[in-house]
Amino acid sequence: MTRPVRVYAGECTVTYSGNSELRTQRGRVVVVHKPDDTVLVHDAEGYQPVAWLTRASAVHLEQTEEGAFALVAVDDGEQLRVESEGDSSRASHAATPAGTPVGTCPDCEGSLVRARGAVTCLDCRAEYGLPRDAAMADSTCDCGLPRMAVVRGARFEICVDRDCEGLDAAVRERFDREWSCPDCDGDLRVVRERTLFLRCESHPDCDETFALPREEVAGTCDCGLPRVQATARGDNTCCLDSDCAEDETTPEAGR
Ligand SMILES: [Zn+2]
Ligand SMILES: [Zn+2]
Ligand SMILES: [Zn+2]
Ligand SMILES: [Zn+2]
0 MTRPVRVYAG ECTVTYSGNS ELRTQRGRVV VVHKPDDTVL VHDAEGYQPV AWLTRASAVH
60 LEQTEEGAFA LVAVDDGEQL RVESEGDSSR ASHAATPAGT PVGTCPDCEG SLVRARGAVT
120 CLDCRAEYGL PRDAAMADST CDCGLPRMAV VRGARFEICV DRDCEGLDAA VRERFDREWS
180 CPDCDGDLRV VRERTLFLRC ESHPDCDETF ALPREEVAGT CDCGLPRVQA TARGDNTCCL
240 DSDCAEDETT PEAGR
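If you read the sequence shown in numbering that gives the first Met the number 0, its first letter stands for residue 0, the second for the next number, and so on.
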């Protein structure tokens with residue numbers, strides 16, 4: 000992601016071929032070549048490019064003569080060729096993801112934004128991946144980074160840097176051995192294998208596992224498992240195990 004956005008401008012002939020179509024346009028246009036090899040040709044009006052290729056498999060630039068260029072993008076049977084006629088200009092600009100501002104980078108004072116599932120510094124490009132359902136919290140960590148809010152049985156506010164304050168450690172501290180296995184009465188341990196979940200301490204002799212609720216828990220069922228909001232049944236709570244025999248709110252049909 001360190002490649003720049005390249006911008007070309009001038010009177011050009013734009014030829015697109017693909018999808019059994021051949022189209023030639025000529026005009027004074029601005030061509031934007033993004034780091035992901037998306038090429039957009041803009042004319043004087045509207046938000047929409049007059050021609051484009053999204054994430055081309057290859058883009059190359061030919062210097063046709065002094066001050067002129069030809070940019071060719073190809074992708075799986077499609078080709079976009081933009082050739083300048085006479086004088087043209089070109090420039091390069093550094094570009095980053097654009098997202099919601101969420102704070103200031105403690106390392107370089109750059110702006111931090113949340114975009115595409117991560118918090119990224121626009122200056123030093125430090126990047127902190129977020130769980131998909133994370134919200135930004137209002138608080139700032141001691142390290143200077145913003146905190147995120149994640150609900151896993153309870154609401155956890157933790158640093159976006161998992162090496163600073165880890166979600167796993169926070170959930171483990173709160174919920175490890177908090178509930179017991181409905182089958183063998185062993186303690187449920189907080190375990191991570193791709194996702195965080197609850198697993199009976201007698202594993203592999205007992206194979207009971209449960210997903211950690213993506214909401215705050217509301218008490219404990221007689222079977223030992225947490226109770227959670229029963230989204231399908233109004234304001235009621237129900238056992239984390241929808242087949243639980245101890246749960247009197249489980250509908251008859253479900254038993
Ligand atoms: Zn930075
Ligand atoms: Zn921190
Ligand atoms: Zn068990
Ligand atoms: Zn239960």
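Glycine included, each C-beta is placed from N, C-alpha and C at the ideal position.
Please report the straight-line C-alpha distance between residue 107 and residue 143, rounded to a whole angstrom.
Spanning the two alpha carbons is a distance of roughly 11 Å.
The alpha helix (DSSP H) that contains residue 166, what's its start and end?
Residue 166 -> alpha helix (DSSP H) spans 166-174.
CB residue 200 to CB residue 186, shorter than 7 Å?
Cβ atoms of residue 200 and residue 186: closer than 7 Å.
Quickly, what does DSSP pair residue 4 with across the bridge? List them, please.
Per DSSP, 92.
What ranges does the beta strand (DSSP E) occupy inside the segment 85-170, keeping only unbroken runs of at least 3 residues that lie completely in it?
Those beta strand (DSSP E) runs which fall completely within the segment 85-170 and span 3+ residues are 99-103, 110-114, 117-120, 126-128, 134-139, 145-150, 154-158.
Mapping DSSP to helix, strand and coil, what is residue 59?
It is a strand residue.
If distances are taken between C-alpha atoms only, which option among 226, 39, 216, 25 comes closest to residue 152?
Checked all of 226, 39, 216, 25; the closest Cα to residue 152 is 216.
Is there contact between the segment 39-56 and the segment 82-95, where contact requires at least three CB pairs shorter than 8 Å?
Short answer: they don't touch.
Give the C-beta separation of residue 220 and residue 213 to the nearest angstrom, bearing in mind that I take them to be a contact with Cβ-Cβ under 8 Å.
So it is not a contact: roughly 18 Å between Cβ atoms.
Taking DSSP as the reference, what is the three-state secondary structure of residue 78?
Reduced to three states, the DSSP call for residue 78 is strand.
What does the alpha-carbon distance come out to for the pair residue 67 and residue 92?
In a straight line, the C-alpha of residue 67 is about 19 Å away from that of residue 92.
What are the residues that DSSP puts in a beta bridge with residue 15?
Its beta-bridge partners are 22, 79.
Would you report the Cα separation of residue 125 and residue 159, rounded to the nearest angstrom?
Cα-Cα distance, rounded: 11 Å.
Among the candidates 35, 40, 50, whose CA atom is the shortest distance from the CA of residue 57?
Minimum Cα distance to residue 57 is reached at 35.
Report yes if the C-beta distance between residue 170 and residue 195 is below 7 Å; otherwise report no.
For residue 170 and residue 195, yes; Cβs fall inside 7 Å.
Can you have a look at residue 63 and say buried or exposed, based on whether 16 or more other CB atoms are within 10 angstroms of its CB?
Residue 63 comes out exposed.
Look up residue 47 in the DSSP assignment and say whether it is helix, strand or coil.
Coil at residue 47, not helix or strand.
As a quick exercise: from 95, 109, 122, pick the residue whose alpha carbon is nearest that of residue 115.
For the residues 95, 109, 122, the minimum Cα distance to residue 115 belongs to 95.
With a threshold of 16 other CB atoms inside 10 Å of the CB of residue 181, please say whether the residue is buried or exposed.
Buried, because 16 or more other Cβ atoms sit within 10 Å of the Cβ of residue 181.
Starting from residue 217, follow its DSSP beta bridges and name the residues at the other end.
In the DSSP output, where bridge partners are listed per residue, residue 217 has none listed.
Relative to the C-alpha of residue 162, which residue among 8, 176, 146, 110 is closest?
Considering only alpha carbons, the answer is 146.
For residue 240, which residues from the same chain have a beta carbon less than 6 Å from its beta carbon, with the 5 sequence-adjacent residues on both sides left out?
Excluding residues within five positions, the ones whose Cβ falls inside 6 Å are 224.
When a residue counts only if its C-beta is closer than 6 Å to some heavy atom of ligand 1, which residues count, in chain order?
That gives 104, 106, 107, 109, 120, 122, 123, 125.
First and last residue of the beta strand (DSSP E) that includes residue 41?
Unbroken beta strand (DSSP E) run through residue 41: 38-41.
Taking the beta strand (DSSP E) that residue 237 falls in, what are its first and last residues?
Element bounds for residue 237: 236-238.
Have a look at the DSSP bridge pairing and note the partners of residue 197.
The partner list for residue 197 (beta bridge, DSSP) reads 189, 209.
Give a single yes or no on whether residue 185 has its beta carbon closer than 6 Å to a heavy atom of ligand 3.
Yes.
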